[in-house]
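Residue numbers (UniProt numbering): 1 to 162. Heads up, the beta-carbon is just placed ideally off N, CA and C, and yes, glycines get one too.
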């Protein structure tokens, strides 16, 4: 069982059934909304009965997460739930670990200097900043879906390691 002062959990913790000390567990309301299976809901209910907390993220910290996610271009991959869970982890940054299997969440967490661990998958090995490359003319851009030069689709590509 993993025991720390604060454990910030995304939906993968409940979906995969990670054995975590419920008294230390914190999540956000939107994570609960993502739990579709009866098993995941049951795991959350048991954790809540044992002391897990559901807290809303601080709006100021949400803005900070969005700023970093824009910098890395992970913004296009993050859901509102991902942003909320990152903001909550940022609030408890000094005394917590964030559990997530989402690579975009892990990437932004590392950039925010949040301690992050995977639930059931491998942890990211490199922190990356993403860009876009046109499938037609091959020009590179910071974001978007359609090339402003030739109108072809833009594909996500690694810009650089951080």
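Which stretch, first to last residue, makes up the alpha helix (DSSP H) that contains residue i?
i: residue 15; result: 11-16
i: residue 84; result: 80-91
i: residue 106; result: 103-111
i: residue 148; result: Element bounds for residue 148: n/a, residue is neither H nor E.
i: residue 63; result: 59-72
Nearest CA to the CA of residue i: which residue from the options?
i: residue 51; options: 22, 150 and 37; result: 22
i: residue 48; options: 86, 9, 83 and 68; result: 9
i: residue 59; options: 19, 25 and 85; result: 85
i: residue 129; options: 109, 161, 41 and 34; result: 161
i: residue 80; options: 42, 114, 25 and 32; result: 32
i: residue 106; options: 12, 5 and 6; result: 12
i: residue 121; options: 134, 135, 108 and 99; result: 99
i: residue 53; options: 16, 29, 34 and 42; result: 29
i: residue 102; options: 144, 77, 139 and 94; result: 77
i: residue 150; options: 141, 56, 39 and 117; result: 141
i: residue 94; options: 74, 14, 116 and 56; result: 116
i: residue 118; options: 18, 71 and 133; result: 18
i: residue 159; options: 133, 104 and 92; result: 133
With DSSP as the reference, identify every bridge partner of residue i, one or two as the case may be.
i: residue 53; result: 26
i: residue 154; result: 134
i: residue 164; result: Residue 164 lies beyond the stretch modelled for the chain, which goes from 1 to 162, so this question has no answer here.
i: residue 119; result: Beta-bridge pairing links residue 119 to no other residue.
i: residue 32; result: For residue 32, which the question treats as bridged, DSSP gives no partner whatsoever.
i: residue 114; result: DSSP output for residue 114 lists no bridge partner at all.
i: residue 7; result: 25 and 97
Return the first residue and the last residue of the beta strand (DSSP E) that residue i is part of.
i: residue 96; result: 96-99
Give the C-beta separation of residue i and residue j to the nearest angstrom, bearing in mind that I take them to be a contact with Cβ-Cβ under 8 Å.
i: residue 111; j: residue 90; result: 11 Å between Cβ atoms; not a contact.
i: residue 108; j: residue 65; result: 7 Å
Within 7 Å of any Cβ in chain D, is that where the Cβ of residue i sits?
i: residue 78; result: The chain inventory of the structure shown lacks chain D, comprising one protein chain alone.
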